[in-house]
Every structure is written in C-alpha cells, then in structure tokens.
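Trainee: Mind looking over this structure? Questions follow.
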Amino acid sequence: MSAGPSSSGPPSQKRRLDCSLSNSLEDSSAIKKLFDFSKNDTDLYDGIVKVEGQLFYVMKGHLARHSDFFRGLFFTNFVESREKIVELKEISAESFQIFLELISGGNGLTDSNVEGVLKISGVWFASLPFEKCQRFVIERSSFNKKEKLVLADKYNLEPLKKLLFDDVKTITDLDILLPDTEAEINGFSADTHSRITKKSLEFLKIARPRQMIMPTQIFMRDYRLQDVTSWIRERQEAEKMLAASSSNAPQLASKPSGAPKPMDFTGTDPSLTDGVVLVDGQKFHISKTHLARHSVFFETMFFEKGFQEANQKIVELKEVSAEGFQLFLELINGYNRLSDENIEAVIKCSSMWQSDIPLKKCTKFLRKKSKLSKTEKFLLADKLDIIVLKTSFIKEVQTNADMENLLGSLDVSVFKPATVEMIARKSLEINRVRQPPVIDLA
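Just so you know, we're using full-length UniProt numbering here: the sequence shown kicks off at 1 and counts up by one.
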C-alpha cells in the first residue's frame, strides 16, 4: 500500500491515497471497548473514518500526531483530506478500534488481535502502537517461542528477535525456537537466516573443537539454510555430553531516568493542535477535543457555553506543575513515564480533572511497580482520596499484624475522617467485635 504521496503519477491535487493494506486481516470479533468512537459528538471529533461499514468519529490532529500516514491523509492535497468520510479498506474494525485505544492511553491487546494491530501500525508508521504490540508479544502473550519468532521475522521486530536468539544456549534451544518444517524456515528473511547460521556455527565449534568442519547437510544459498532441522537433531546427542553453561534470561532494558520526553507539546503545527494551555509559565499546544474525550473538566471548560476559557487563546491552569501536565498528556497519548518521584503530581491532575485512564494507570503503577512502602502508598491514597486504592489496602488486612504493617508508626489522626472510619470498621471486623446496629430515628 502507499502510506503517503507518491513522487510520480497525476498532479498532487488529484492524487488519491491508497488506504488499503496488501492482505486482508481476520474478521473483527466482539471485544470489550475501552473507548467508544461511535459517538456523534461534534465537540469530540472532526473527522469520520469508515472501516468494515463501521463509522469511527476521530480527531484528525490526534491521528496525525501518531502517524505520518494520517498526517498525509488528512493534511495534504490528497482527495481524502476533503472528504467527509474516509474509508479504510482491507483492515478489520477491531484492529482499528484497538489502534485508536492504544494512541489514547488504553490497551486492549490480546493474542488474537495483536498481529492485526502490528500490521496496521507498521504500515501507518505509528511507532507507539507498534512498540506496544511488540512489548505485549514479549511480556504478556501466551505465544510459544516458535510463534514469537515467526512474528518477529514477519514484522521485523528487532528487539524481540534479539531476545529470542540471545536465549539460545544449546542445540535443543535452537530446535525449540525454529518452526517444525523446512518450508517455514526457508520463508524467513535474510537477517533471520543469518542469525540461525551464526548460532549453528557456534554449536559446531563446541561439538568439534579441533577442526572447523561444515556439516554436509548444511549449506547457504542467499542466506537460507537447507535441512537445518535434521542437522539439529543429529547434534543433540553429542551436545548432551558437554557441560551446559547457565545464564540468566535476558531482560528488556528499562528506560533510563531523565530520558527525553517522548512527546513534544511545544510545537505550533495547526494540523496537530487547536489550543494552548499555560502551566507554570510553559505553553503546551494541545488538542482540545482529545483532552475533552479524556476529561469531563476539559470538556466543560472548552465546549460548555458560559465558560470564558472556551474563547480564550491561551488557557492558564493553576495548582498543577508543568511536569505533572506533561506526564498527564503523555498518558492520554499512550506513553508512560510514571515514577515514585512524579506519581503524586500526575494523580493530582487526574483526580482534579476527572480523568479515568490516567488515574487507573497511576493506581496500577502504585500497586505493581512503585518502590514506596505500603504505608507510604496508603498515606498517598488518603491524601489524594484514591478510594479504589484505599479500599484495596484495607481489604488485604486480615489480622492486627496486617493493620500494624499498613499503618506503620502513623497515628490514625493523620488520616482523613473517611479513611479513619474505614480503619475503625476493619479493626472491629478482624477483632470480631459486633458493630452496633444503625438506629433509624425517623
């Protein structure tokens, strides 16, 4: 397919961008949608995309920010830029739904839909969804190693491919990794064949240290191995007699702290933004509609009659930090740089602006990744009134020792009244003290 304007052909004003993919993806299936893009709310969309007969009400600038394909589609001289409804062919509605969720901070990836999203993300030059798909395959999918290698080869997932081959320490490991048939192996790319060759030669040197002999069953033709599977089978018995060296499984490299911001909101490209927000003296060029989709606060501010901010060129937000707002914007665009140092600022923004997705991501971070103690987390949940987190911690308390572990050296007086009541009720429960009935005085 063509992902942007071609250098040849008819004049640009008459050129039409080919929105189809080379191969059809699987039919869409019923899924739980994290976002509803079928709402015809003029405040929340400025474009309509049709996929498999289903209409998606989208924000052109938001799509363009995440994909050069859509930047070309909506903001150049292609015919589609002037059409009310743009139809995308040969992709599934489910894949497009998941793609939109990924660039909006959600993640509905599953084993059954990840390949469809990988395909369109690659074709549309959308790096964030593409990377999220790759991480899903590496960290959360139930695919076996053979299936992962096929995906890594097909979509050129270099980090995944490296992890898979780095984990090969023995002939048996290589056998587990490679597909079962020679036809499948021969269908691999030149790069994958080169990696297989290198690993095979490594094991040949181990098995025959005195001489370098290429097995007659193995030869290379355009970087393709022939009959490699049978050779692997022959080498396994000899290798069993060698001492196996152990090593830890490779881990994904974590992003270093202080890494560059993944998204730049200082740009003034009118195709990507329609508003300016001032925080701590710093200007953020944003999409009003995208903020409104994620926050009742911003929907009211920008689109309700009677609010002066709706007509202001620059809207100033107070009581929040520039860093907190930057991270909030990244979260609703699918990125995540939460840390113990910045989590409070982001939760404050998310709670104040009634933004569900960032708040859920913050809660998940505190539960699963934060290095803060349980007491510190509980105190933070109380301070910022994160009810779901407070309830979760209280629910885990089963004994007096659990309660002491949760509260630490803190006195209950430091907590808000609602939290004190939760603590008191739990204490009565674990000590089997019968709570007095509520007397109806009416």
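Yeah, the Cβ is synthetic: ideal placement off N, Cα and C, and Gly gets one too.
Just so we're clear, the structure is a prediction, and the values are computed from it rather than from any experiment.
1) Beta carbon of residue 124, beta carbon of residue 200: below 8 Å?
2) How would you write the range of the beta strand (DSSP E) that residue 478 sits in, first residue to last?
3) Tell me the DSSP bridge mates of residue 398?
4) If I measure Cβ to Cβ from residue 39 and keep anything under 7 Å in the same chain, skipping five residues before and after, which residues do I get?
5) Just reading off the beta strand (DSSP E) that residue 284 is part of, what are its end residues?
6) Counting only the same chain and skipping the five closest in sequence on each side, list residues whose C-beta sits under 7 Å from that of residue 136.
7) Give me the residue from 102, 165, 323, 69 with the minimum Cα distance to residue 339.
8) Could you tell me the boundaries of the beta strand (DSSP E) in which residue 275 lies?
9) DSSP beta-bridge partners for residue 50?
10) So, using beta-carbon positions, are residue 145 and residue 177 closer together than 8 Å?
11) Specify, as a first and last residue, the run of the alpha helix (DSSP H) that residue 314 falls within.
12) Go ahead and pull the three-state DSSP assignment for residue 326.
13) For residue 354, which three-state DSSP category applies?
14) Does the region 278 to 297 come close enough to the region 71 to 85 that 3 or more CB-CB pairs lie under 8 Å?
15) Should the region 263 to 272 be regarded as contacting the region 304 to 323, the criterion being three or more beta carbon pairs within less than 8 Å?
16) By DSSP, does residue 263 sit in helix, in strand, or in coil?
17) Could you check what DSSP says for residue 110 in three-state terms: helix, strand or coil?
18) Is DSSP giving residue 320 helix, strand or coil here?
19) How would you label residue 42, buried or exposed, when you count the other beta carbons within 10 angstroms and need 16 or more for buried?
20) Going straight from the alpha carbon of residue 149 to that of residue 121, what length do you get?
21) What separation, rounded to the nearest whole angstrom, lies between the Cα atoms of residue 165 and residue 139?
Mentor: In terms of the structure at hand:
1) no
2) A query on residue 478 cannot be resolved here, the shown segment of the chain reaching from 1 to 442 and no further.
3) DSSP output for residue 398 lists no bridge partner at all.
4) 57
5) 282 to 286
6) 109, 114
7) 323
8) 275 to 279
9) 55, 87
10) yes
11) Per DSSP, residue 314 belongs to no alpha helix (DSSP H); it is in the beta strand (DSSP E), 314 to 316.
12) helix
13) coil
14) no
15) no
16) coil
17) coil
18) coil
19) exposed
20) 19 Å
21) 16 Å
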